[in-house]
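Below is one structure, written out as structure tokens; the observations come after it.
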Amino acid sequence: MDTKFWSVDKFVTNLEDYPQISEAAALLKENEVVAFPTETVYGLGGNADSDTAVAKIFEAKGRPADNPLIIHIAKKEQLDSFVDGVPEKAGMLMDHFWPGPLTIVFNKKAGQLSAKATAGLSTVAVRMPDHPVALALIKKTGLPIAAPSANQSGKPSPTSAQHVHDDLYGRISGIIDGGATGVGVESTVIDCTGPVPVILRPGGATVEQIEAVVGKVQLDPALADQEIAPKSPGMKYQHYAPNAPLYLVEGSRDFLQELINEKRKLGLKAGVLTTEENVAFFQADAVLGCGSRDKPETVASSLYDTLREFNAKDLDVIFSEVFPRIGVGEAVMNRLMKAAGQRLIKEE
Ligand code: TXA
Ligand code: MG
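Okay, structure coming up:
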């Protein structure tokens, strides 16, 4: 398949009138699939009303069919056609966070949207992305746009058009390059169909920010306990794993260095994922600094790029520092634990 590549400056005005956006929107209306930037990660968009378009998304990513997609909108009024009522707390969250990195699960109107997009569920996850290119593209189509992250299933989500290209070139109709995404981890998914909102996936909007708007929320118990089946179907899959096995390490820098030394004595190549402050401390075959320890947003922003970078280093094992679960640090640790297959080594 021929994959078109468009470059767009997200800061220009009248984006909707740009030929790149018009061309991409035309392809979406023809039920082709196109990757576009959002403020969290790049998405792979398709017409959410079309089984044909949605099937192409699953096919291109190699995504399991039981994992529903997030529906992206550019105006709140778009909800009316497919959402069965907006609960009060959902309305408050929409007013506060949209456009932004919060996905809200609603009850769906029967018979609306492609059943493939919602994996046959009676609920639907929706968000309004905070990115001028995404908003212009969605507006131009006038459609609800189903969009999972634009990576090959199982790989880290793409935070640049290059990542999308690496994973999906030749498998999709186009890629809009709008520069690097900002937040770097996916949106927070919150279920607002019950009396108390439940966070199904930690992400760009933090628990602290959400509770400041709607009061106490619950966390899906599956987030803390691997034995419980998550309510968000996608959360059960292993994700984000680099090619070499990754271990999270809770302890001192000396303890982590000792783990590296043991592997290297065996002739193995060891890498370390650390923060800028600690890069100079470690001796290993690859030492990658990912943001700054005291600023979880900077770690989130470069996390997936760093995980992808390890694959170019031809390592046998990777050790990673753990990060404080503060603010977006909660999402960072959720993704790292998945990338590590839940392997955590603690210093005695
Ligand atoms: O930031 C994001 O959310 C990005 C950008 C592209 O918008 N999208 C994204 O999509 O991360 P994806 O497909 O990689 O993750 C969607 C998550 C999955 O865990 C899925 O199971 C969950 O949302 N989800 C979708 N519909 C749901 C529903 N009705 N109930 C519960 N979880 C749902
Ligand atoms: Mg994804």
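Numbering (this note's numbering), first residue to last: 71 to 418. Virtual Cβ for every residue (Gly too), placed ideally from N, Cα, C.
Nearest neighbour of residue i, chosen from the options [CA to CA]
i	options	result
Ala216	Thr122, Ser92, Glu281 and Asn177	Thr122
Ala207	Thr368, Lys99, Ile260 and Asp165	According to the sequence provided, residue 207 is Leu. The question's Ala does not apply to it. It is Lys99.
Val284	Gly274, Gly273 and Ile269	Ile269
Ala130	Gly113, Ile280, Ala275 and Ile143	Gly113
Ala292	Lys408, Val124, Gln148 and Glu86	Lys408
Leu377	Lys186, Gly274 and Ala410	Ala410
Lys186	Gly264, Pro138 and Ala220	Pro138
Ile415	Glu328, Val203, Leu172 and Gly252	Glu328
Asp290	Thr258, Asn313, Ile143 and Ser223	Thr258
His166	Gly264, Met198 and Gly115	Met198
Val156	Lys179, His142, Pro169 and Pro171	Lys179
Beta-ladder partner(s) of residue i, from DSSP
i	result
Asp136	None; Asp136 has no bridge partner.
Gln182	Gln182 pairs with nothing; no bridge assigned.
Phe152	Paired residues: none, contrary to the question.
Leu343	Leu358 and Ser390
Arg271	Val259
Trp76	Ile246
Leu172	Thr258
Thr193	Asn177
Leu114	Ala105
His233	Answer is none; His233 lacks a bridge partner.
His142	Arg197 and Ile215
Lys99	Bridge partners of Lys99: none, in fact.
Residue i burial status per 10 Å Cβ neighbour count (16 or more: buried)
i	result
Asp324	exposed
Gln288	exposed
Gln308	exposed
Ser322	exposed
Met71	exposed
Ala94	buried
Phe81	exposed
Asp375	buried
Pro134	exposed
Lys145	exposed
Leu183	buried
Pro202	buried
Leu336	exposed
Ala299	exposed
Inter-residue CB distance, residue i and residue j (contact presumed, cutoff 8 Å)
i	j	result
Val103	Gln90	Actually they are not in contact, since the Cβ atoms of Val103 and Gln90 sit about 16 Å apart, beyond 8 Å.
Val402	Val277	13 Å between Cβ atoms; not a contact.
Arg271	Ser302	5 Å
Leu358	Leu338	So it is not a contact: roughly 17 Å between Cβ atoms.
Asp237	Glu109	Contact flag wrong, Cβ pair sits at about 20 Å.
Leu385	Asp355	6 Å
| Every unbroken beta strand (DSSP E) within the region 349-413, with a cutoff of 3 residues, ordered by chain | 356-359 and 387-391
| field | Residue ranges of each alpha helix (DSSP H) within the region 303-347, 4 or longer | value | 323-335
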